[in-house]
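When you read off a place in the sequence shown, starting at 1, and then add 10, the result is the number in the numbering used here. Ideal placement from N, C-alpha and C gives every residue a C-beta, glycine not left out. Data block below; observations after.
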Amino acid sequence: MNLKSLTPLALSVSVAIGSTMIAPIASAEVSANVAISNMYLWRGTNLATSGGTVSGGLDYANESGVYAGVWTSSEAGGTETDLYAGFAGKAGDFSYDIGYIWYLYPEDTGFSPDLGDNDFSEIMLSGGIAGFGAAIYISADPVPASATQDGEDYTYMTLDYTSGKYNFLYGIQSMDKTSSADYTHLTVTYSYDDNLSFAVSIASPDTTDAIEEDPLFAITYSLPLTK
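This is how it looks when you write it as structure tokens:
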């Protein structure tokens, strides 16, 4: 559940608390960052229900638009490491990003549902213009059965709008077989400055009690390690 997945014109910490998936394309560079948060807010849910998160990332971006990176987090009970690569650019006022994300988990992650000793990946397509953004994440291989009791493909889609320091994002999670795992969420993020952000997220499960419907409040502080 990487913390980098931003649509090109949106800063949505709810989908990605931490570093950015959209790498700068003005020049080639390597950047690093660390972040702390009171929860692991990912796609409208809190994955680390037993504690907060500490995360860090290392990113490479080439002036051609090609980027790659690694991100890892440490929560109470387990860790996660994400590898990702892609191509980002602009056509006039329209920005776009095509990427591949690989999620790696050791045993006993501490997540709910448990993802221990499993990995999965997804393809990401996003675009944005004039503050509006849209993205779709498509499973490249079935999500682990331990996470869905079935082991199946899925899609996750977002629509968002950024105005000043505020981002409003609507997300839709859809499983191919287990409709009980489908849900939607609305997340509003306020970026106080480049480092501190606040997010509130409310999820609406369709047919399951596994998704928390009470509002979630996330506070995140991130710090770049390179200039």
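- Cβ atoms of G67 and A98 stay farther apart than 8 Å, at about 16 Å.
- Secondary-structure assignment with DSSP links S47 through a beta bridge to T63, T230.
- Around the CB of F227, fewer than 16 other CB atoms lie within 10 Å, so the residue is classed as exposed.
- Contact fails between the stretch 47-60 and the stretch 74-81, because fewer than three Cβ pairs, one in each stretch, are under 8 Å apart.
- Here N205 is actually not in contact with Y164; their C-beta atoms are around 33 Å apart, not less than 8 Å.
- Here the C-alpha atom of Y200 lies approximately 7 Å from the C-alpha atom of N177.
- Here S105 is not near G141, since their CB atoms are 8 Å or more apart.
- In this structure, E162 and T55 do not form a Cβ contact; the two beta carbons are roughly 18 Å apart against a cut-off of 8 Å.
- DSSP links G96 through a beta bridge to Y77, G109.
- Put simply, the backbone Cα of Y147 is about 19 Å away from that of Y115.
- The DSSP-derived three-state label of A145 is strand.
- Shown here, A58 sits in coil according to DSSP, grouped into three states, outside any helix or strand.
- As a beta-bridge residue in DSSP terms, T194 pairs with I182, S214.
- Contact annotation: G181 and Y171 have beta-carbon atoms that are not nearer than 8 Å.
- With distances taken between CA atoms, S149 lies nearest to W112 out of V40, W112, A213.
- With fewer than 16 other beta carbons inside 10 angstroms of its own, E73 counts as exposed.
- Contact annotation: D103 and I139 have beta-carbon atoms nearer than 8 Å.
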